[in-house]
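Here the structure comes first, spelled out in structure tokens, and everything after it is commentary.
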Amino acid sequence: MDMHPDILQEFHEIYSEFISGKAVVRTLSTLKQLREDSVYWVEGTIIGVERNKEFCYLACRICGKKVEQAADRKWCWRCQAFTFTNIFRYTVEITVADESDTAKMTLWNRATQKLLGEPAEDVISRYGDTARVMPDDIVEEILEKEGLFEVVICTQRSYDDVFDVSRLTIDEEIKDVYIMRNYPPAYESSSEDNSSQSTMDYAEEQDRVV
Numbered sequence: 639m640d641m642h643p644d645i646l647q648e649f650h651e652i653y654s655e656f657i658s659g660k661a662v663v664r665t666l667s668t669l670k671q672l673r674e675d676s677v678y679w680v681e682g683t684i685i686g687v688e689r690n691k692e693f694c695y696l697a698c699r700i701c702g703k704k705v706e707q708a709a710d711r712k713w714c715w716r717c718q719a720f721t722f723t724n725i726f727r728y729t730v731e732i733t734v735a736d737e738s739d740t741a742k743m744t745l746w747n748r749a750t751q752k753l754l755g756e757p758a759e760d761v762i763s764r765y766g767d768t769a770r771v772m773p774d775d776i777v778e779e780i781l782e783k784e785g786l787f788e789v790v791i792c793t794q795r796s797y798d799d800v801f802d803v804s805r806l807t808i809d810e811e812i813k814d815v816y817i818m819r820n821y822p823p824a825y826e827s828s829s830e831d832n833s834s835q836s837t838m839d840y841a842e843e844q845d846r847v848v
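For what it's worth, this note's numbering labels the leading residue of the sequence shown as 639, then goes sequentially.
As structure tokens, this is what we get:
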């Protein structure tokens, strides 16, 4: 599947950060104890999706902020203007678990689009513009997905244990780099297993040919 240029650029940026060691991974329990402004990555699995909140909103096409109904038109406070063309954008609250703890996180538009592989506009076009609670089949698609989540820690904000996700990756190439740098023996063992399996598959294929 071809990547959108922006998503492809983000992939290369994240890959570079992990391969260089710039990306720092922490556990959820550690994040909850931090008291300084910072950005860290978390390796985790999505175990829950908030169903009582809207999963998308109508946004200004220019600035991306939520628009409000004003008489028969939409008003953007950021642009200080009425908007005539708007677009749906994601905002999804999930629960992520790692080996240390669980935590709620907010996925914004780009992160959710990356997770689902489609923009909010496409989801709304399938289910209708009155669909604000995430459909069951999409929830099922998200649950149990594993990934790396970049979490923003800001001491000036009261989180109530809900963290903002600035970026995420579910790309296998980046996961491999993370495992290689953090769990070298496990990565080498996995590589050897894959190599052995490939050799066996090749031998079996040759037997069938002969």
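Don't be surprised by glycine CBs; every beta carbon is placed ideally from N, CA and C.
Note that the structure is a prediction, hence the values are computed from the model and not measured.
Excluding five sequence neighbours on each side, which residues of the same chain lie with their C-beta closer than 8 Å to the C-beta of LYS670?
-> ASP739, ALA741 and ASP799
Among PHE801, LEU753, LEU786 and ASP767, nearest to GLU778 - alpha-carbon criterion | LEU753
Is PHE801 helix, strand or coil when you go by DSSP?
-> strand
For CYS701, which residues does DSSP report across the bridge?
-> In DSSP, CYS701 forms no bridge with anything.
Do the region 703-718 and the region 770-788 touch if we need at least three Cβ pairs shorter than 8 Å?
-> Per the Cβ contact rule, the region 703-718 is not in contact with the region 770-788 (fewer than 3 Cβ pairs under 8 Å).
VAL663 beta carbon less than 8 Å from that of TYR816 | Yes. Within cutoff.
Determine the direct distance from the alpha carbon of ILE652 to that of ASP839, and round the result to whole angstroms.
-> Model confidence at ASP839 stands at a pLDDT of 46, short of 50, so the residue's coordinates are unreliable and nothing is read from them.
Other residues of its chain near ALA708: CB distance less than 8 Å, five sequence neighbours each side excluded = PHE720
What does a CB cutoff of less than 8 Å around TYR695 pick up in its chain, not counting 5 residues either side in sequence?
-> LYS704, PHE726, ARG727 and THR729
Does DSSP put SER676 in a helix, in a strand, or in coil?
-> strand
Under the rule that 16 or more other beta-carbon atoms within 10 Å means buried, what is THR750, buried or exposed?
-> Buried: at least 16 other Cβ atoms inside 10 Å.
Determine the closest residue to PHE649 out of LEU672, ASP809 and GLU731, with distance taken between C-alpha atoms.
-> Looking at the Cα atoms, ASP809 is the closest of the given residues.
As assigned by DSSP and simplified to three states, the class of THR750 | helix
Is it true that the CB of LYS783 sits closer than 8 Å to the CB of ILE684?
-> yes
Pairwise C-alpha distance: ASP710 and LEU745 | 30 Å
Which of the three DSSP states, helix, strand or coil, is assigned to GLU810?
-> GLU810: helix per DSSP, three-state reduction.
Residue burial classification, LYS660 (beta-carbon count within 10 angstroms, cutoff 16) | Exposed, since its Cβ has fewer than 16 Cβ neighbours within 10 Å.
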